[in-house]
Amino acid sequence: MILVTGGAGYIGSHTCVELIKAGYEVVVFDNFSNSSEESIKRVEKITSATINLCHGDIRKKSDLRKVFKNYSIDAVIHFAGLKAVGESIQKPLDYYDNNVNGTIALCQVMQEFGCKKIIFSSSATVYGIPHTTPIKEDFPLSATNPYGKTKLFIEEILHDLFASDNSYKIAILRYFNPIGAHESGLIGEDPRGIPNNLMPFISQTAIGKREFLSVFGDDYDTHDGTGVRDYIHVVDLSLGHVKALKKLDDIKEILVVNLGTGCGYSVLDMVKAFEKASGKKVPYKFAPRRSGDVAKCFADASFAKKIIDWSAAKGIDEMCEDAWRWQSKNPNGYN
Ligand code: NAD
Ligand code: UDP
764 MILVTGGAGY IGSHTCVELI KAGYEVVVFD NFSNSSEESI KRVEKITSAT INLCHGDIRK
824 KSDLRKVFKN YSIDAVIHFA GLKAVGESIQ KPLDYYDNNV NGTIALCQVM QEFGCKKIIF
884 SSSATVYGIP HTTPIKEDFP LSATNPYGKT KLFIEEILHD LFASDNSYKI AILRYFNPIG
944 AHESGLIGED PRGIPNNLMP FISQTAIGKR EFLSVFGDDY DTHDGTGVRD YIHVVDLSLG
1004 HVKALKKLDD IKEILVVNLG TGCGYSVLDM VKAFEKASGK KVPYKFAPRR SGDVAKCFAD
1064 ASFAKKIIDW SAAKGIDEMC EDAWRWQSKN PNGYN
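Pasting the structure below:
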């Protein structure tokens, strides 16, 4: 049985689908602070499986112990956490508490129950301002905001845990920019309030919920002056977790892997691709750079291919088509 913390969220719900398709049984543990139970019902619809669902907070050991008592957990895929960069600057203590304390509590309860396998959701944000691209796993690490620091601290904690007991099997997956949705249009990204990220903002603009997209910066050193990122289809990303899980038993060291496509696209490239996929206009205006943003961020994805035999299969047209199907079938998300 695989415990998926944060399994009702965007990446967690898609990963549950791929885990079930690969033959795993899952139990989802979530406090629904940024998700709804509807996503789980949709996962059940897609997979025709019943999902074991536990309401709880990773910071509460009593909640976690219940899960470990009720199910025989082989491994944990740990998505639960807060993820909004801007909010983390406003509320740093909430982020350290939720992400860092939550992960420590989780690891302590895993230890109590003798569960030593964990896959952790890290982020390309741990590369800070990369000196060059594509980004390899051994590049220097830094963080410019509390959210990024929580990811860095958790990576360090996991390294120390492994150093204390090298029978642990730990994979740290550094995601680039997950976008898109399951091809069924039943599950997808459902941000609360005004989206911070580019793709949900573009799709809400295409459907008329937002008047125009502000493009942050037109003078970066990129092919069209707008910021370049490595957008990766959320289903490809989810499959990366299944591959990492299959590899866990064989690893002798901590596995640290970039999950990206290796391709960089600009904000304007994404606007164009989305317009093509949706047949809708995405009005935009140039705005000043957003503080903390880097010009270019894309992965060297070769280590993932070598070590877990994973590479992304879906391109930006498919990412945009699937994002649009989700947006147009669910204009108000899961509500
Ligand atoms: P999400 O907010 O959709 O999912 C996170 C889930 O965790 C939500 O269902 C939320 O209710 C739950 N949760 C939060 N705090 C919890 C707690 N204390 N106890 C129990 N459940 C809790 O986010 P996502 O986009 O699916 O991201 C999943 C993970 O991947 C996060 O750790 C995030 O930091 C990381 N990540 C995301 C991105 C991205 O762009 N989406 C990029 C890099 C890394
Ligand atoms: N971006 C933008 N307008 C928005 C949101 C994002 O121009 O409303 C740009 C942002 O400056 C960056 C890219 O889109 O170049 C991706 O931003 P996102 O917040 O999605 O991801 P991240 O910054 O974490 O890579």
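For the sequence shown, the positions run 764 to 1098 when my numbering is used.
We treat Cβ as the ideally placed atom computed from N, Cα and C, and that holds for glycine.
(request) Return the Cβ separation of S947 and I809 in integer angstroms, given the expectation that the two are a contact with Cβ distance under 8 Å. (result) Stepping through the sequence shown from its first residue, residue 947 is reached at position 184. Stepping through the sequence shown from its first residue, residue 809 is reached at position 46. With a beta-carbon spacing of about 6 Å, S947 and I809 fall inside the 8 Å limit used to define contacts.
(message) Is A847 near the ligand NAD - that is, is its Cβ less than 6 Å away from at least one heavy atom of it?
(response) Counting from one through the sequence shown, the residue named residue 847 turns up at place 84. In this structure, A847 has its beta carbon at no less than 6 Å from each heavy atom of the ligand NAD.
(message) Please state the DSSP three-state secondary structure of R955.
(response) Counting from one through the sequence shown, the residue named residue 955 turns up at place 192. Residue state, collapsed to three classes: coil.
(message) Whole angstroms are fine: how far does the CA of S825 sit from the CA of N864?
(response) Taking the first residue of the sequence shown as 1, we reach residue 864 at position 101. Taking the first residue of the sequence shown as 1, we reach residue 825 at position 62. Taking the straight line joining both Cα atoms gives about 14 Å.
(request) For the region 1022-1039 and the region 853-864, state whether three or more C-beta atom pairs, one from each stretch, are separated by less than 8 Å. (result) Short answer: they don't touch.
(request) Please name the residue in I995, D928, F902 and T907 whose C-alpha comes closest to that of F939. (result) Within the sequence shown, the letter at position 176 stands for residue 939. Ranking I995, D928, F902 and T907 by Cα distance to F939 puts I995 first.
(message) Looking at the ligand UDP, does it come within less than 6 Å of V1030, judged from the CB to the closest heavy atom?
(response) By one-based count along the sequence shown, residue 1030 stands at place 267. Checking every heavy atom of the ligand UDP against the Cβ of V1030, one is found closer than 6 Å.
(message) Give me the residue from A812, S851, V872 and R805 with the minimum Cα distance to I836.
(response) Position 73 of the sequence shown holds residue 836. Per the Cα distances, V872.
(request) Using only alpha-carbon positions, find the residue among G1055, G1078, T989 and I935 that is nearest to I892. (result) On the sequence shown, residue 892 is found 129 positions in, with the first residue counted as 1. Among G1055, G1078, T989 and I935, the Cα nearest to that of I892 belongs to G1055.
(message) According to DSSP, is D793 part of a helix, a strand, or is it coil?
(response) On the sequence shown, position 30 is the one that residue 793 refers to. In the structure shown, D793 adopts extended strand secondary structure according to DSSP, grouped into three states.
(request) Using a threshold of 7 Å, state whether the C-beta atoms of F1061 and T896 are closer than that. (result) Within the sequence shown, residue 1061 is the residue found at index 298, counting from 1. Within the sequence shown, residue 896 is the residue found at index 133, counting from 1. With respect to the 7 Å criterion, F1061 and T896 are classified as neighbours on the basis of their beta carbons.
(request) Going by CA-CA distance only, name the one from D1012, V790 and N1093 that's closest to S930. (result) Counting from 1 along the sequence shown, the entry for residue 930 is found at position 167. For the residues D1012, V790 and N1093, the minimum Cα distance to S930 belongs to D1012.
(request) Figure out for me which residue from T907, K972, N1021 and Q874 has the closest Cα to the Cα of P941. (result) Translated into the one-based positions of the sequence shown, residue 941 becomes position 178. If we check each option's Cα against that of P941, N1021 comes out closest.
(message) Between L949 and the ligand UDP, is there a pair consisting of the residue's CB and a ligand heavy atom that are separated by less than 6 Å?
(response) The sequence position of residue 949 within the sequence shown is 186, counting from 1. Answer for L949: no, Cβ out of range of the ligand UDP.
(request) Compute the minimum distance between the beta carbon of F964 and the heavy atoms of the ligand UDP, and state whether it is under 6 Å. (result) As a first step, residue 964 is located in the sequence shown; it is residue number 201 there, counting from the start. At least one heavy atom of the ligand UDP is nearer than 6 Å to the Cβ of F964, so yes.
(request) Assign I882 to buried or exposed, taking buried as 16 or more other Cβ atoms, counted over all protein chains shown, within 10 Å of its Cβ. (result) By one-based count along the sequence shown, residue 882 stands at place 119. With 16 or more Cβ atoms within 10 Å of its Cβ, I882 is classed as buried.
(request) Tell me whether K879 sits in a helix, a strand or coil according to DSSP, three-state version. (result) Taking the first residue of the sequence shown as position 1, residue 879 is located at position 116. DSSP places K879 in coil when its eight states are reduced to three.
(message) Looking only at its chain, what residues have a beta carbon closer than 7 Å to the beta carbon of P958, apart from the 5 residues adjacent to it on each side?
(response) Along the sequence shown, read from residue 1 onward, the residue named residue 958 stands at position 195. For P958, where only same-chain residues beyond five positions count, the Cβ hits under 7 Å are F964 and Q967.
(message) Is the separation between the beta-carbon of K1048 and that of A969 shorter than 7 Å?
(response) Against the sequence shown, residue 1048 aligns to sequence position 285. Against the sequence shown, residue 969 aligns to sequence position 206. The answer is no: Cβ separation not under 7 Å.
(message) Please return the same chain residues whose Cβ sits closer than 7 Å to the Cβ of L1000, not counting the five positions on each side in sequence.
(response) Reading the sequence shown from its first residue, position 237 is the one you call residue 1000. Excluding residues within five positions, the ones whose Cβ falls inside 7 Å are I774, Y938, P941 and L1022.
(request) Starting from P855, trace the alpha helix (DSSP H) both ways and give me its first and last residue. (result) In the sequence shown, residue 855 corresponds to position 92, counting from 1. Where P855 is concerned, the enclosing alpha helix (DSSP H) stretches over P855 to Y858.
(request) Evaluate E918 with the Cβ neighbour count: other Cβ atoms within 10 Å of its Cβ, from every protein chain shown; 16 or more gives buried, anything less gives exposed. (result) Residue 918 sits at position 155 when you count from the first residue of the sequence shown. Classification of E918: buried, given that the 10 Å Cβ count is 16 or more.
(request) Might you give, ordered along the chain, the residues of its own chain that have their beta carbon closer than 6 Å to the beta carbon of A944, omitting 5 neighbours on each side? (result) Residue mapping note: residue 944 aligns to position 181 of the sequence shown, counting from 1. Setting aside the 5 residues that flank it on each side, A944 is surrounded in the same chain by G951, D1085, A1086 and W1089, each with a C-beta closer than 6 Å to its C-beta; the list follows chain order.
(request) Mind checking which residues open and close the beta strand (DSSP E) that includes R937? (result) Position 174 of the sequence shown, counted from the start, is the residue given in the question as residue 937. Per DSSP, the unbroken beta strand (DSSP E) holding R937 starts and ends at K932 to Y938.
(request) Have a look at D1063 and A1076 and give me their C-alpha separation to the nearest angstrom. (result) Counted from its first residue, the sequence shown places residue 1063 at position 300. Counted from its first residue, the sequence shown places residue 1076 at position 313. A straight-line Cα-Cα distance of about 15 Å links D1063 and A1076.
(request) Tell me, please, which residues DSSP counts as bridged to Y994. (result) What you label residue 994 is simply residue 231 of the sequence shown in a count that begins at 1. Y994 is bridged by DSSP to N940.
(request) Using alpha carbons as the reference points, say which of A1007, C878 and L869 lies closest to A934. (result) Residue numbering aside, residue 934 sits at position 171 when the sequence shown is read from its first letter. When only C-alpha atoms are compared, the closest one is A1007.
(message) Below 6 Å, is the gap between the Cβ of F979 and the nearest heavy atom of the ligand UDP?
(response) Mapped onto the sequence shown, residue 979 falls at position 216. Within the cutoff, so yes.
(request) Could you tell me if F792 is buried or exposed, where buried requires 16 or more neighbouring beta carbons within 10 angstroms of its beta carbon? (result) In the sequence shown, the residue the question calls residue 792 occupies position 29. Answer is buried; the Cβ neighbour count reaches 16.
(request) Give the C-beta separation of L932 and K880 to the nearest angstrom, bearing in mind that I take them to be a contact with Cβ-Cβ under 8 Å. (result) Here residue 932 corresponds to residue number 169 of the sequence shown, with the count starting at 1. Here residue 880 corresponds to residue number 117 of the sequence shown, with the count starting at 1. First, the amino acid is wrong: residue 932 is Lys here, not Leu. The distance from the Cβ of K932 to that of K880 is about 4 Å, consistent with a contact at the 8 Å cut-off.
(message) Taking 6 Å as the cut-off, is the beta-carbon of N940 closer than that to any non-hydrogen atom of the ligand UDP?
(response) Position 177 of the sequence shown, counting from 1, holds the residue named residue 940. N940: yes, Cβ under 6 Å from the ligand UDP.
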